[in-house]
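In short: position in the sequence shown from 1, add 138, done, that's the numbering used here.
Cβ atoms here follow ideal geometry from the backbone N, Cα and C, with glycine treated the same way.
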Amino acid sequence: MANGKKRTVAVGVDLGGTTFSVGLVAPGGELIAEQSHDTPRSDDEPLALAAAASAVGGLMEQAAIKPDQLLGVGLGIPGPVDPAAGIIRRAPNLPELDGVNAVEAMAEEIDAPVHIANDAYCATLAELRWGAGRDVENLVMFTLGTGVGGGIALDNEVRRGPHGIMGEVGHIIVEPGGRRCGCGNHGCLEAMVGRDGMVDRAIRLMEQGRTSVLSERGGRRHEKLSPKMIADAAHEGDQVALEVMATSGHYLGVALCSCIVLADPDLIVLGGGIAAAGDVLFEPIRRTVRHRSLISGFDVDRIVPAELGNQAGMFGAAALVFDAIQ
Ligand SMILES: [Zn+2]
């Protein structure tokens, strides 16, 4: 690098299957500029990476940042990666990127170091550096959405473990013999409280004859219901929705108890769409942890919502750059 002092800003890219976002971030975590784009698709070409690289250039131009001010680019990938080699191992929603060396693909257009990481890793790193966990060094993060992701930070670093599996909290078994999980196992947290698990539970209760506002809004059709609709109905006092949230909160609480004795965290951070449901979810989670983590005496007020929302992946990707120069 010609002049280290001039290089001060980082770009974070959060790559998703339908859209991607790019953000220009200062060392303190201040967002200078941000853009969002559709992710271009191809059967066999890594178009998404080319689009990301050109979006980085466009964003810098928009913010009047010169190429020699850029410290580096971080890229969050929706799937497992080999960060040291820069290779995307597998991207279920972007299979044309499987096995692609993302660092090489981006380096053709970007004259600065490129770093990659899994998107859940990025979200955890963002909350650790600039979000709910900025005052602690040890946390467990759960990202609740269609699936359940997460990460574990110890001694101010997000850890993946020697085999890259550490922090895969969605596959903690919370109900042996329960719903089948995408990983092939049964009863994983993701199978029980991911989108499909929540929606199926609501439908089952309605099929048992329970009345619910959900029957007018989504009926018993799996594809029409969503965790957000269930959370909204719970806020309105709908008993079926409240029961679904209570069961989800219970399973999450059980998983949190395991994390507490494994990682001894200062804080547990819950992110992703459904974490915004508030007390209807947090109350059963806290109740379960209060009753079932007696050995730790974990203060349930240390179970908190994430702060960076859907920008966490982008901020975390930028944080990869700043971490790399520490
Ligand atoms: Zn699983």
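Just verifying my parser: in three-state terms, what is the DSSP assignment at residue i?
{"i": "I441", "result": "strand"}
{"i": "G454", "result": "helix"}
{"i": "C326", "result": "strand"}
{"i": "R298", "result": "coil"}
{"i": "L263", "result": "helix"}
{"i": "T349", "result": "coil"}
{"i": "G318", "result": "In the sequence on display, residue 318 carries Arg and not Gly. Reduced to three states, the DSSP call for R318 is strand."}
{"i": "V163", "result": "strand"}
In chain order, what residues of the same chain lie with their CB nearer than 6 angstroms to the CB of residue i, ignoring the 5 residues before and after it?
{"i": "F280", "result": "G288, V307, L408"}
{"i": "K362", "result": "G356"}
{"i": "N141", "result": "Low confidence applies to N141: its pLDDT is 44, below 50, so where it sits in the model is not reliable, and the reading given next is rough at best. Hits under 6 angstroms: none found."}
{"i": "A415", "result": "A369"}
{"i": "L282", "result": "G410, I412, A413"}
{"i": "P403", "result": "N276, L277, V278"}
{"i": "G447", "result": "none"}
{"i": "A371", "result": "V351, L352, A379"}
{"i": "L405", "result": "G271, V274, L277, R440"}
Could you tell me the boundaries of the alpha helix (DSSP H) in which residue i lies?
{"i": "H253", "result": "No alpha helix (DSSP H) holds H253; the beta strand (DSSP E) holding it covers 252-256."}
{"i": "M367", "result": "365-373"}
{"i": "A340", "result": "333-345"}
{"i": "L352", "result": "352-355"}
Taking the continuous beta strand (DSSP E) assigned at residue i, which residues delimit it?
{"i": "L153", "result": "147-153"}
{"i": "F436", "result": "Run containing F436: none; DSSP gives neither H nor E here."}
{"i": "A291", "result": "286-292"}
{"i": "T156", "result": "Segment: none, T156 is in no beta strand (DSSP E) and carries neither H nor E."}
{"i": "M279", "result": "277-282"}
Going by beta carbon distance, what residues of the same chain come within less than 7 angstroms of residue i, once the five residues before and after it are set aside?
{"i": "D220", "result": "R227"}
{"i": "M304", "result": "I290, R297, R298"}
{"i": "S431", "result": "C395, I398"}
{"i": "A229", "result": "I215, P216, G217, L235, D236"}
{"i": "I203", "result": "V147, L162"}
{"i": "Q207", "result": "K144, R145, T146, V147"}
{"i": "M139", "result": "Only weak support is given to the placement of M139: the predicted model assigns it a pLDDT of 43, under 50, and the value that follows is read from those uncertain coordinates. Contacts found: R145."}
Sorted by chain position, which residues of the same chain lie with C-beta nearer than 8 angstroms to residue i's C-beta, five sequence neighbours on each side aside?
{"i": "T157", "result": "S174, H175, D176, T177"}
{"i": "R318", "result": "H324, A329"}
{"i": "V459", "result": "A148, V149, G150, L209, G210, V211, G212, P251, H253"}
{"i": "V427", "result": "G391, L394, C395, I398, F436, V438, I441"}
{"i": "A186", "result": "L153, F158, T177, P178, R179, L232, E234, L235"}
{"i": "Y389", "result": "V312, E313, L327, M330, V331"}
{"i": "E374", "result": "V351"}
{"i": "H309", "result": "C319, C321, N323, C326, L327, E328"}
{"i": "S364", "result": "R333, V337, G356"}
{"i": "A190", "result": "V151, L153, F158, V160, L213, M244"}
Consider the C-beta atom of residue i and the heavy atoms of ligand 2; say whether any pair is separated by less than 7 angstroms.
{"i": "A329", "result": "This structure lacks ligand 2; the ligands present are ligand 1."}
Compare the C-beta of residue i with all C-beta atoms of chain B and state if any pair is closer than 8 angstroms.
{"i": "L277", "result": "The structure shown contains no chain B; it is built from a single protein chain."}
Ordered list of alpha helix (DSSP H) runs contained in the stretch 172-239, each at least 4 residues: The qualifying runs are 185-200.
Three or more C-beta pairs below 8 angstroms linking the stretch 333-353 and the stretch 372-392: Segment contact: the stretch 333-353 against the stretch 372-392, three or more CB-CB distances shorter than 8 angstroms; contact assigned.
Cβ contact (3+ pairs, closer than 8 angstroms) linking the stretch 240-254 and the stretch 323-331: Three or more Cβ pairs closer than 8 angstroms define a contact, and the stretch 240-254 falls short of that threshold against the stretch 323-331.
Segments assigned beta strand (DSSP E), at least 3 residues, entirely inside the stretch 376-424: Counting only runs of 3 or more residues that sit fully inside the stretch 376-424, the beta strand (DSSP E) segments are 405-409, in chain order.
Stretch-stretch touch, CB-based, cutoff 8 angstroms, three pairs: the stretch 260-270 with the stretch 388-397: Put simply, the stretch 260-270 does not touch the stretch 388-397. Fewer than three CB pairs are less than 8 angstroms apart.
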